Structures are given as C-alpha cells and as structure tokens.
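Chemist: I'd like to ask some things about the structure below.
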Amino acid sequence: MERIEVLPCLYRGPDGAVHEAEFPKAEPQPHAVAADLYCPSYAARKGLTGPLRIEDLEVTVFNTTDYRRDVELEEAAKDRLVQAILAKEGTEIVEAAGGEGALRDRIRVVTWWRSSGP
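Residue 88 in our numbering sits at position 28 of the sequence shown, with consecutive numbering throughout.
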C-alpha cells in the first residue's frame with residue numbers, strides 16, 4: 061500500500077518574501093506558473109510485514125522561463141518536508157529511516173521543466 065503526501069508549495073513573491081501556494085492539482089502547462097514553485101512531497105509505503113517506509117522524498121520545482129535556483133527556498137522546503145514527516149508519521153518511523161538528517165539527505169530537488177536561461 062502506498063500513500064503520496066504533498067505539502068503546500070513555497071514561492072518567492074515580488075516583495076522578496078516567502079509565500080505558500082497550494083500544490084497544483086494537475087501538472088501546470090510548462091512555464092505557465094506565476095512564480096517558481098518549490099513543492100515538497102514524499103511517499104509512505106507499507107508492505108505486508110515490517111514498518112512503514114518513507115520513500116521518494118522530493119522537492120519538485122515547477123519553474124518559470126526565467127528560473128534561477130533559490131537555495132533558501134530549497135532548504136525551507138526540505139525543512140518543511142522533514143517536519144511534516146515527523147508530525148504525520150511519528151518519531152519511530154523517522155528513526156527507522158535513519159533519523160531526520162538521513163531523511164533530509166535523501167531529498168532530491170527536481171526542476172520540472174528545462175530552463176531556457178543559463
């Protein structure tokens with residue numbers, strides 16, 4: 061049995077502040093987002109035996125055509141993902157996965173569309 065968990069996306073507004081947006085319900089048209097959206101998600105898998113496994117930890121970046129990597133948003137999205145896993149799945153599951161640091165190290169950041177810029 062698998063369950064996919066998605067969290068609110070983060071983006072940087074015109075004012076430079078970090079804001080939240082709902083995770084897209086469907087894949088947006090390429091580069092049709094108003095701002096680069098940093099969207100955290102993970103999969104929780106349970107087999108017939110054994111504990112729940114946390115897999116596919118990811119921050120998907122739905123990017124604009126003028127995308128420039130924002131390390132601060134990447135880190136904020138990773139932090140939120142680890143905290144959400146702790147809150148929803150519990151410390152036992154996090155410890156079984158190697159702890160908070162191990163989970164954080166497994167988070168991949170994926171740019172959804174190829175950037176046309178450098």
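Note that beta-carbon positions come from the ideal geometry of N, C-alpha and C, so glycine has one too.
Just so you know, these numbers come straight off a predicted model, no measurement behind them.
1. Would you check if the segment 72 to 92 and the segment 103 to 111 touch, i.e. whether three or more CB-CB distances between them fall below 8 Å?
2. In angstroms, rounded to a whole number, what distance separates the CA positions of GLU118 and ARG164?
3. Counting Cβ pairs closer than 8 Å, one from the segment 126 to 143 and one from the segment 81 to 88, do we hit at least three?
4. In this structure, what does DSSP give as the bridge partners for VAL121?
5. For LEU97 and ALA81, what's the separation of their Cα atoms in angstroms?
6. For GLU62, count the other beta carbons within 10 Å of its own beta carbon; 16 or more makes it buried, fewer makes it exposed. Which is it?
7. Between which two residues does the beta strand (DSSP E) carrying ALA81 extend?
8. Using CA coordinates, which residue listed in CYS69, ASP116, GLY158 and VAL131 is at the minimum distance from ALA104?
9. How many angstroms separate the CA atom of GLU149 from the CA atom of VAL169?
10. On the criterion of 16 or more Cβ atoms from any shown chain inside 10 Å, does THR124 qualify as buried, or is it exposed?
11. List the endpoints of the continuous alpha helix (DSSP H) containing ARG140.
12. Just to confirm the assignment, what range does the beta strand (DSSP E) spanning ARG17 have?
Modeler: Reading from the atomic positions:
1. no
2. 10 Å
3. no
4. TYR98 and THR171
5. 8 Å
6. exposed
7. 78 to 81
8. ASP116
9. 22 Å
10. buried
11. 131 to 149
12. The structure shown does not extend to residue 17, since the chain spans only 61 to 178, so no value can be given for it.
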